[in-house]
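Report on one structure; see the data block that follows.
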Amino acid sequence: MVRTYYRKTEKVPREILIGALRHLKLLDNLNLQKIAYRKVAEGFGIPKSTLFSHYQKVKDLDSIPENYLSNEVHNRQILKYKEEEELVEYLKLAMESNHSLTPSEVRKLVYSFVIGNGIKCPLMWHENHTAGADWFTSFMKRNKCLSLRKAEATSQARAAGFNYPVVNAYQQQLGAIFALKPNLPDI
Numbered sequence: 187m188v189r190t191y192y193r194k195t196e197k198v199p200r201e202i203l204i205g206a207l208r209h210l211k212l213l214d215n216l217n218l219q220k221i222a223y224r225k226v227a228e229g230f231g232i233p234k235s236t237l238f239s240h241y242q243k244v245k246d247l248d249s250i251p252e253n254y255l256s257n258e259v260h261n262r263q264i265l266k267y268k269e270e271e272e273l274v275e276y277l278k279l280a281m282e283s284n285h286s287l288t289p290s291e292v293r294k295l296v297y298s299f300v301i302g303n304g305i306k307c308p309l310m311w312h313e314n315h316t317a318g319a320d321w322f323t324s325f326m327k328r329n330k331c332l333s334l335r336k337a338e339a340t341s342q343a344r345a346a347g348f349n350y351p352v353v354n355a356y357q358q359q360l361g362a363i364f365a366l367k368p369n370l371p372d373i
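Position 23, counted from 1, in the sequence shown is what the numbering used here calls 209; the numbers after and before it change by one each time, with no gaps.
Next comes the structure, spelled out in structure tokens:
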């Protein structure tokens, strides 16, 4: 599949689809289902295959979940929205404390995070012990506020300021960060 997929048709709005499903359920209760799919699809202006597939997925129309057809999580997305937000906050905090991570370190961190939280992930992640490059590209597209790149060389003045009291204060700050976020593993 191409890296950036552009949809050719518009998605059916949630309200229209649920209205069509309720109408179809009503006709099903009246035993008029054989005629119903095509006529209901034409009446609501949606493809009949879309109506049929959603009707098969949602048997009980009274208990349709609120997040049904929401764009919060893609069907093959590994991390849920809240987990990804937690990871982004951790990476921002690391950047603010001058401990920026390279893309390969972030991929290893994400793999550790997924394994630590028992989240299902692709087989290649287990073989390489790191998140995939395609996943990382998509993650960076979803989170444009992050700036993760290869570390540059340190100037002599900055290296001179890297002494015991500064390192000790940094270690205390890092310990406080890990105390706040216990689910994130060490690198």
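Even glycine gets a Cβ: it sits at the ideal position worked out from N, Cα and C.
As the structure is a computational prediction, the values presented were derived from the model and not from experiment.
I need the DSSP call for residue i, collapsed to helix, strand or coil.
{"i": "L295", "result": "helix"}
{"i": "L334", "result": "coil"}
{"i": "Y192", "result": "coil"}
{"i": "Q342", "result": "helix"}
{"i": "S155", "result": "In the structure as shown, the chain starts at 187 and stops at 373, and residue 155 therefore has no counterpart that could be examined."}
{"i": "I250", "result": "coil"}
{"i": "K301", "result": "In the sequence on display, residue 301 carries Ile and not Lys. Three-state DSSP puts I301 in a helix."}
{"i": "R224", "result": "helix"}
Can you give the Cα-Cα distance for residue i and residue j, rounded to whole angstroms?
{"i": "T288", "j": "L334", "result": "6 Å"}
{"i": "L366", "j": "T195", "result": "45 Å"}
{"i": "G302", "j": "L210", "result": "44 Å"}
{"i": "M310", "j": "E228", "result": "44 Å"}
{"i": "R328", "j": "L212", "result": "41 Å"}
{"i": "N354", "j": "G361", "result": "11 Å"}
{"i": "T190", "j": "K245", "result": "33 Å"}
{"i": "E272", "j": "E313", "result": "25 Å"}
{"i": "I307", "j": "I264", "result": "It is worth fixing the name first, because residue 307 is Cys in this sequence and not Ile. Spanning the two alpha carbons is a distance of roughly 6 Å."}
{"i": "R344", "j": "P351", "result": "14 Å"}
{"i": "Q242", "j": "K225", "result": "17 Å"}
{"i": "H315", "j": "V296", "result": "10 Å"}
{"i": "K294", "j": "A346", "result": "31 Å"}
So the candidates are the options; which of them puts its Cα closest to the Cα of residue i?
{"i": "Y356", "options": "L279, I204, S235", "result": "L279"}
{"i": "G205", "options": "Q242, K197, A365, L237", "result": "L237"}
{"i": "P233", "options": "L212, K197, D214", "result": "K197"}
{"i": "F230", "options": "R208, D246, K245", "result": "R208"}
{"i": "E282", "options": "T190, I363, E291, R189", "result": "I363"}
{"i": "S290", "options": "W321, L213, E275, K306", "result": "W321"}
{"i": "V299", "options": "N215, K243, R344, V274", "result": "Looking at the sequence provided, one finds Phe at residue 299 rather than Val. That would be V274, whose Cα lies nearest to the Cα of F299."}
{"i": "V292", "options": "K268, L332, I305, K225", "result": "L332"}
{"i": "K330", "options": "G318, L295, H315, E270", "result": "E270"}
{"i": "I305", "options": "R262, Q342, A319", "result": "R262"}
{"i": "Q359", "options": "D214, K268, H285", "result": "H285"}
Could you tell me the boundaries of the alpha helix (DSSP H) in which residue i lies?
{"i": "V353", "result": "350-366"}
{"i": "Q242", "result": "234-243"}
{"i": "Y267", "result": "267-282"}
{"i": "G205", "result": "200-215"}
{"i": "T323", "result": "319-328"}
{"i": "L309", "result": "309-314"}
Apply the 10 Å Cβ neighbour rule to residue i and answer buried if 16 or more other Cβ atoms are within range, or exposed otherwise.
{"i": "R200", "result": "exposed"}
{"i": "F325", "result": "buried"}
{"i": "F348", "result": "exposed"}
{"i": "L203", "result": "buried"}
{"i": "R193", "result": "exposed"}
{"i": "L277", "result": "buried"}
{"i": "A317", "result": "buried"}
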